[in-house]
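Everything on this sheet refers to the single structure shown next.
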Amino acid sequence: MTQIACPIEEALARKYPEPVVLVTTRDHDGRANVMAAAWVCFASSEPWMFLLGIDAGARTYEVIVRTRQFVVAFPHEGMGRETLYAGTNHGHATDKFKETGLAMQDASVVRAPLVRDAVANFECELVEIYQPGDCPLIAGKVVAAHANRDADLRRLCLVGPDYRLGGLRPA
Ligand SMILES: Cc1cc2nc3c(=O)[nH]c(=O)nc-3n(C[C@H](O)[C@H](O)[C@H](O)COP(=O)(O)O)c2cc1C
4 MTQIACPIEE ALARKYPEPV VLVTTRDHDG RANVMAAAWV CFASSEPWMF
54 LLGIDAGART YEVIVRTRQF VVAFPHEGMG RETLYAGTNH GHATDKFKET
104 GLAMQDASVV RAPLVRDAVA NFECELVEIY QPGDCPLIAG KVVAAHANRD
154 ADLRRLCLVG PDYRLGGLRP A
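Numbering-wise, this note's numbering comes out as the position in the sequence shown, counting from 1, plus 3.
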């Protein structure tokens, strides 16, 4: 027998590598924020949609509910430090763009900023929030996309437990 029954958590510990994204928002008062998210997948291709699992206690969740807009950015493999900071600090009282030095660029449709040096950015408008379990699932329609001029940049991934971040070398 090759497959051995085990607790769900033990099997899930084999999930790496897993891509990680940065989610940016901008509140009505103009304050931009950024968080890290690994619970992300595509939900539709016509139109393109992302599905993000975002904890209801996150500042990002609050602002998406209020503004119905956000940006999904693919950080590059050199953005581990900034991604970890964005993913371990709440934006309620902290300016994470300032603290990390992440540069912003104006988006074309939404008010949330692009992450200037990311591999790619996707401007999204909120379609629906589902809650089938303990985590709100945010479906966002992509209304504009941007790719870095440098096509060789590689995406940052979670490569192991405890937020171990890194790039992937081609085989
Ligand atoms: C690599 C990484 C991945 C994460 N993935 C998620 C995720 O998918 N969903 C989530 O709600 N929080 C995730 N987090 C935690 C949030 O980024 C964290 O709670 C953050 O402080 C929320 O920021 P905010 O309150 O400014 O929105 C992740 C953190 C890291 C470091």
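All C-beta atoms in this analysis are idealised placements derived from N, C-alpha and C, irrespective of residue type, glycine included.
Computed from a predicted structure; not experimentally measured.
| said: Between which residues of its own chain and Phe100 is the CB-CB distance below 7 Å, once the five residues before and five after are set aside? | reply: Excluding positions up to five away in sequence, the list reads Ala35, Val37, Met107.
| said: Looking at the secondary structure, which residues open and close the beta strand (DSSP E) in which Ala154 lies? | reply: Per DSSP, Ala154 belongs to no beta strand (DSSP E) and is neither H nor E.
| request: Would you kindly check if the distance between the Cβ of Thr86 and the Cβ of Leu25 is under 8 Å? | output: Thr86 sits close to Leu25, with the two beta carbons spaced by under 8 Å.
| request: Could you pull out every residue in the same chain whose Cβ sits closer than 8 Å to the Cβ of Gln134, ignoring the five residues on either side in sequence? | output: Non-local beta-carbon contacts of Gln134 in its own chain, meaning distances under 8 Å to residues more than five positions away in sequence, involve Leu140 in chain order.
| Which word fits Leu15, buried or exposed, when buried means at least 16 other C-beta atoms lie within 10 angstroms of its C-beta? | Taking every protein chain shown into account, the CB of Leu15 has fewer than 16 other CB atoms within 10 angstroms, so this residue is exposed.
| So which of Leu55, Arg17, Val23, Pro10 has the shortest CA-CA distance to Gly170? | When each option's Cα is compared against that of Gly170, the closest is Val23.
| query | Does the separation of the CB atoms of Ala46 and Met52 fall below 8 Å? | reply | Yes, they are a contact pair.
| request: Rank Cys44, Val75, Ile132, Cys9 by C-alpha distance to the C-alpha of Thr176 and give the top, closest one. | output: Past the edges of the chain, shown from 4 to 174, lies residue 176, and the structure says nothing about it.
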